[in-house]
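Worksheet: the structure to be examined is printed underneath.
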Amino acid sequence: MSLYSPLFGAYDSVEKVAGEGDNAMEVIEVNYDTDSMDDFIVPDAPCDLGRQLQQCQPAGHAEAMGRISGTPHGKEKSAEQMDAIVAICRQRGDMLVVMRTGGGKSMLWEIPPLIGFEGISIVVCPFKILLDEQYERCDAAGVRSHNYSISKVVPENVQNIFVQVEHVGSDAFVQLLASPMGQRIKRIFVDELHDVAHGHPKRRPRWDVLARQFSALSAKIILMTATCPPLAVPHFLKPFDMRPKDVLTIRGPTDRPEIGLHAIRVLPTLQNVPLHQIVRALHDRLEQHERMLVFFNTKREAEMFAKASGSAVFHSDLWEAGNTKAYNLDRWDSGDTKVMACTTAFTQGINRPHVRFVVVFEPDLGLLVTMQMVGRAGRDGVESHAFLVGTSTTMPYAVKGIGAYQCNFLTVQLMLTNQCRVYTSMKYLNRVGMPYECKDHPSRVPCDNCDPFGMIHKSACAASKITTGPIQKLWAPLATEAAAPSLLTPGHGAKVRAVPAFARRQTRRTELPTGATCRHTA
Numbered sequence: 005m006s007l008y009s010p011l012f013g014a015y016d017s018v019e020k021v022a023g024e025g026d027n028a029m030e031v032i033e034v035n036y037d038t039d040s041m042d043d044f045i046v047p048d049a050p051c052d053l054g055r056q057l058q059q060c061q062p063a064g065h066a067e068a069m070g071r072i073s074g075t076p077h078g079k080e081k082s083a084e085q086m087d088a089i090v091a092i093c094r095q096r097g098d099m100l101v102v103m104r105t106g107g108g109k110s111m112l113w114e115i116p117p118l119i120g121f122e123g124i125s126i127v128v129c130p131f132k133i134l135l136d137e138q139y140e141r142c143d144a145a146g147v148r149s150h151n152y153s154i155s156k157v158v159p160e161n162v163q164n165i166f167v168q169v170e171h172v173g174s175d176a177f178v179q180l181l182a183s184p185m186g187q188r189i190k191r192i193f194v195d196e197l198h199d200v201a202h203g204h205p206k207r208r209p210r211w212d213v214l215a216r217q218f219s220a221l222s223a224k225i226i227l228m229t230a231t232c233p234p235l236a237v238p239h240f241l242k243p244f245d246m247r248p249k250d251v252l253t254i255r256g257p258t259d260r261p262e263i264g265l266h267a268i269r270v271l272p273t274l275q276n277v278p279l280h281q282i283v284r285a286l287h288d289r290l291e292q293h294e295r296m297l298v299f300f301n302t303k304r305e306a307e308m309f310a311k312a313s314g315s316a317v318f319h320s321d322l323w324e325a326g327n328t329k330a331y332n333l334d335r336w337d338s339g340d341t342k343v344m345a346c347t348t349a350f351t352q353g354i355n356r357p358h359v360r361f362v363v364v365f366e367p368d369l370g371l372l373v374t375m376q377m378v379g380r381a382g383r384d385g386v387e388s389h390a391f392l393v394g395t396s397t398t399m400p401y402a403v404k405g406i407g408a409y410q411c412n413f414l415t416v417q418l419m420l421t422n423q424c425r426v427y428t429s430m431k432y433l434n435r436v437g438m439p440y441e442c443k444d445h446p447s448r449v450p451c452d453n454c455d456p457f458g459m460i461h462k463s464a465c466a467a468s469k470i471t472t473g474p475i476q477k478l479w480a481p482l483a484t485e486a487a488a489p490s491l492l493t494p495g496h497g498a499k500v501r502a503v504p505a506f507a508r509r510q511t512r513r514t515e516l517p518t519g520a521t522c523r524h525t526a
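For the sequence shown, counting from 1, position 432 maps to 436 in the numbering used here; every step adds exactly one.
Below you can see the structure in the form of structure tokens.
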């Protein structure tokens, strides 16, 4: 099996790797003959995805790119995005697409109808807020879309149907699949695939129903996520009755080069004073439009922090008048407080572009969930920072096997390693050949191990040493922007780092990760 792209040349044949028989995995390896790692995917001259799509559909591509991007020439965000679009348009079968947060996965279901491909696409998203945003964006691009959570009456001329996991098992949806309209379903996009393994326990049986329903159809299934370690692929595919050797996998690096990773160990205190001090120190560096998230493992912890600090709070059980999720989001968005204390509920489809700091307190929910929290930062591509703050003094035992990625042992390794934290996280989440250290790319925002004397890290560490004293409220906006120095530079108004160019191009390899371990410090 081979693919071709006019921009990047011929793809190598898809190879079987990672074991024998059912455990063999198909991946695409792209050769870049003349391009360096420092180049952008998109050259300065206009280069639209229509050139790639000409191989699939000769007409309408320029208009489609313009509708989606809002510019005369739509441009791909990464090689992985372009690979996936070409493969979908060539109907290459079931696929697994792993792309970093903000990598442009939505274009995968927007392109086919806009360039004239027949058939209906179903787009599944487990999070209603995100699903509504996806529907509105797709509809605005000119795709005839339908939000099934709003109305169960689907128009005959529909092109994309947006559904939640809960909808698929309903009698009405089963009847839709069995109707003549159901026979026109050609593509099924399942977004946020990691929710299968890490979502709410009550939603897991519904995922099983969804997988059974869609696996029985002849439509191509495209599974998408930002976090799926290579060793976890069989686990993620199992509910859909898929095997790695039967799935075309397109995988890009998951690193977010605009986010600096930090880890701080603090002394446990009754009121978590060191945590409050860290948050206050970071809060005072925020500019007027910038925001901050503090993640907790439980609703009770988030509420206690919010009550003590005056910050907003967000979790799945906010319903009382004057303290709903909408009320707290409005407080946070409006700037009444720049800090949101939250649980993993905030990772379920809520994205804001100007989150500069993310603090994860006592990260104990596994590496994938932790990195989903970290990924809330820097959505606008501007330098941001994520802090893992822990009080634990012992490491959990290691769990071996395919489910090891779920264990918080890997998160503890990320916290305790004296190696580059970027390399340590990428080692588990990416294929061999993709992980790199901060020092390999000077334009990347360094982690604290690679830049222990960085201004942001030093100020947070100094604050963490304070174990007594009053907890200051965080609801009052800063008096003037001058009172809040620029987050990332010594002088207010100085230039901040944008997304490093090297992050726009990565060479994908066919090797699987080895069992290499990282070093620890006591």
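Using N, Cα and C, we set each Cβ at its ideal position, and we do this for glycine too.
Item checked: Chain-order list of residues whose beta-carbon lies under 7 Å from that of CYS424 (same chain, five-residue window excluded) -> Your numbering for residue 424 matches position 420 in the sequence shown. Same-chain partners within the cutoff: GLU441, CYS442, CYS451, ASN453 and CYS454.
Next item on the list: Starting from the Cα of GLU366, find the closest Cα among THR395, ILE119, HIS389 and VAL101 and give me that residue.
Entry: Along the sequence shown, read from residue 1 onward, the residue named residue 366 stands at position 362. The shortest C-alpha separation from GLU366 is found at THR395.
Item checked: Option in PRO205, GLN217 and ILE254 with minimal Cα separation from THR229 -> Locating residue 229 in the sequence shown gives position 225, counting from the first residue. For the residues PRO205, GLN217 and ILE254, the minimum Cα distance to THR229 belongs to ILE254.
Next item on the list: Specify the secondary structure class of CYS451 as computed by DSSP and reduced to three states.
Entry: Here residue 451 refers to the residue found at position 447 when the sequence shown is read from its first residue. Residue state, collapsed to three classes: coil.
Notebook entry, point to check: Which residues in the same chain have their Cβ closer than 7 Å to the Cβ of LEU197, if we skip the five residues on either side of it in sequence?
Noted result: One-based indexing of the sequence shown puts residue 197 at position 193. For LEU197, where only same-chain residues beyond five positions count, the Cβ hits under 7 Å are LEU227, MET228, THR229, CYS232 and PHE240.
Check: HIS150 and VAL162: beta carbons closer than 8 Å?
Finding: As a working mapping, residue 150 is identified with position 146 in the sequence shown. As a working mapping, residue 162 is identified with position 158 in the sequence shown. Going by C-beta atoms, HIS150 is nearer than 8 Å to VAL162.
Notebook entry, point to check: With VAL147 and GLY256 assumed to form a contact (beta carbons below 8 Å), what rounded beta-carbon distance in angstroms separates them?
Noted result: The sequence position of residue 147 within the sequence shown is 143, counting from 1. The sequence position of residue 256 within the sequence shown is 252, counting from 1. Your pair VAL147 and GLY256 does not check out as a contact, with CB atoms roughly 24 Å apart and the cut at 8 Å.
Check: Does the stretch 175-189 touch the stretch 103-118, meaning 3 or more C-beta pairs lie closer than 8 Å?
Finding: Segments in contact, no.
Notebook entry, point to check: Quick one: Cα of ARG284 to Cα of ALA236, how far?
Noted result: Here the question's residue 284 lines up with position 280 in the sequence shown. Here the question's residue 236 lines up with position 232 in the sequence shown. Going by the C-alpha atoms only, they are around 38 Å apart.
Next item on the list: Could you name the residues of the same chain whose beta carbon sits closer than 7 Å to that of PRO243, not counting the 5 residues immediately before and after it, in chain order?
Entry: Here residue 243 refers to the residue found at position 239 when the sequence shown is read from its first residue. Correct list, in chain order: VAL200, TRP211, ASP212 and ALA215.
Next item on the list: Note down, one range per segment and in chain order, each beta strand (DSSP E) of at least 3 residues found wholly within the stretch 76-159.
Entry: 99-102, 124-128 and 149-151
Item checked: Which of helix, strand or coil DSSP assigns to MET344 -> Here residue 344 refers to the residue found at position 340 when the sequence shown is read from its first residue. Strand.
Margin query: According to DSSP, simplified to helix, strand and coil, what is ILE263?
Written below: To locate residue 263, count along the sequence shown from 1; it is residue 259. Here ILE263 sits in strand by DSSP.
Margin query: If contact is defined by three or more beta carbon pairs under 8 Å, each pair taking one atom from either stretch, is the stretch 328-336 in contact with the stretch 379-387?
Written below: no
Notebook entry, point to check: By Cβ distance, which residues of its chain are closer than 7 Å to ARG188, with the 5 residues on each side in sequence left out?
Noted result: Translated into the one-based positions of the sequence shown, residue 188 becomes position 184. Correct list, in chain order: GLY123 and ILE124.
Next item on the list: May I ask which residues mark the beginning and end of the beta strand (DSSP E) holding ALA316?
Entry: The residue labelled residue 316 in the question sits at position 312 within the sequence shown. Start and end: 316-318.
Check: Does the Cβ-Cβ distance between ARG356 and ARG295 come in under 8 Å?
Finding: As a first step, residue 356 is located in the sequence shown; it is residue number 352 there, counting from the start. As a first step, residue 295 is located in the sequence shown; it is residue number 291 there, counting from the start. It is a contact, given that the beta carbons lie within the stated cut-off.
Check: To the nearest whole angstrom, what separates the beta carbons of VAL362 and VAL378, a pair I think is in contact under 8 Å?
Finding: Walking along the sequence shown from the start, residue 362 turns up at place 358. Walking along the sequence shown from the start, residue 378 turns up at place 374. Rounded, the Cβ-Cβ distance is 6 Å, consistent with contact.
Next item on the list: Measure the beta-carbon distance from VAL364 to PHE299 and round it to whole angstroms, keeping in mind my assumption that it falls under 8 Å.
Entry: Within the sequence shown, residue 364 is the residue found at index 360, counting from 1. Within the sequence shown, residue 299 is the residue found at index 295, counting from 1. With a Cβ gap of about 5 Å, VAL364 and PHE299 count as contacting.
Checklist line | Three-state secondary structure assigned by DSSP to HIS461 | finding: Here residue 461 is taken as the residue at index 457 of the sequence shown, counted from 1. Of the three classes helix, strand and coil, the one that applies to HIS461 here is helix, per DSSP.
Check: Bridge partners of LYS224, per DSSP?
Finding: The residue labelled residue 224 in the question sits at position 220 within the sequence shown. Beta-bridge pairing links LYS224 to ARG191.
Check: Is the beta carbon of ALA390 sitting closer than 8 Å to the one on HIS266?
Finding: Residue 390 sits at position 386 when you count from the first residue of the sequence shown. Residue 266 sits at position 262 when you count from the first residue of the sequence shown. For ALA390 and HIS266, yes; Cβs fall inside 8 Å.
Next item on the list: With distances taken Cα to Cα, identify the nearest neighbour of PHE166 among LYS132, ALA145, ASP175 and SER183.
Entry: Indexing the sequence shown from 1 puts residue 166 at position 162. The option with the nearest alpha carbon to PHE166 is LYS132.
Margin query: Quick check on the burial criterion: 16 or more other C-beta atoms within 10 angstroms. Buried or exposed for ASP195?
Written below: The residue you call residue 195 lines up with position 191 of the sequence shown. Classification of ASP195: buried, given that the 10 Å Cβ count is 16 or more.
Check: Do GLN85 and GLY107 have their C-beta atoms within less than 8 Å of each other?
Finding: Here residue 85 corresponds to residue number 81 of the sequence shown, with the count starting at 1. Here residue 107 corresponds to residue number 103 of the sequence shown, with the count starting at 1. It is a contact, given that the beta carbons lie within the stated cut-off.
Notebook entry, point to check: In the structure shown, what three-state DSSP assignment does MET296 receive?
Noted result: Sequence index remark: in the sequence shown, residue 296 carries index 292 (1-based). Of the three classes helix, strand and coil, the one that applies to MET296 here is strand, per DSSP.
Note to self: Since TYR432 and LEU371 should fall inside the 8 Å C-beta cutoff, what is the C-beta to C-beta distance between them, to a whole number of angstroms?
What the structure shows: Looking up residue 432 in the sequence shown gives position 428. Looking up residue 371 in the sequence shown gives position 367. Indeed they touch by this definition, with Cβ atoms about 6 Å apart.
Note to self: Please report the straight-line C-alpha distance between ILE119 and CYS93, rounded to a whole angstrom.
What the structure shows: Within the sequence shown, numbered from 1, the residue matching residue 119 stands at position 115. Within the sequence shown, numbered from 1, the residue matching residue 93 stands at position 89. Approximately 10 Å, taken between the alpha carbons.
Next item on the list: Reducing DSSP to helix, strand and coil, say where GLY394 ends up.
Entry: As a working mapping, residue 394 is identified with position 390 in the sequence shown. Strand at GLY394.
Checklist line | ARG425: first and last residue of the uninterrupted alpha helix (DSSP H) it sits in | finding: Position 421 of the sequence shown, counted from the start, is the residue given in the question as residue 425. Segment 425-433, the alpha helix (DSSP H) holding ARG425.
Notebook entry, point to check: Are the Cβ atoms of THR273 and THR302 separated by less than 8 Å?
Noted result: As a first step, residue 273 is located in the sequence shown; it is residue number 269 there, counting from the start. As a first step, residue 302 is located in the sequence shown; it is residue number 298 there, counting from the start. Cβ atoms of THR273 and THR302: not closer than 8 Å.
Item checked: Separation of GLU305 from ALA330, as counted between CA atoms -> Working through the sequence shown from its first residue, we reach residue 330 at position 326. Working through the sequence shown from its first residue, we reach residue 305 at position 301. Their backbone Cα atoms lie some 20 Å apart in a straight line.
Notebook entry, point to check: Taking the alpha helix (DSSP H) that PHE240 falls in, what are its first and last residues?
Noted result: For the purposes of this step, residue 240 is taken as residue 236 along the sequence shown, with counting starting at 1. Unbroken alpha helix (DSSP H) run through PHE240: 237-241.
Check: DSSP three-state call for SER338: helix, strand or coil?
Finding: Counting from 1 along the sequence shown, the entry for residue 338 is found at position 334. Helix.
Note to self: If you reduce the DSSP assignment to three classes, tell me which class HIS389 lands in.
What the structure shows: Taking the first residue of the sequence shown as 1, we reach residue 389 at position 385. The answer is strand: DSSP assigns HIS389 an E or B state.
Next item on the list: Determine the burial state of LYS469: buried for a count of at least 16 other Cβ atoms within 10 Å of its Cβ, exposed for fewer.
Entry: Position 465 of the sequence shown, counting from 1, holds the residue named residue 469. Exposed is the call here.
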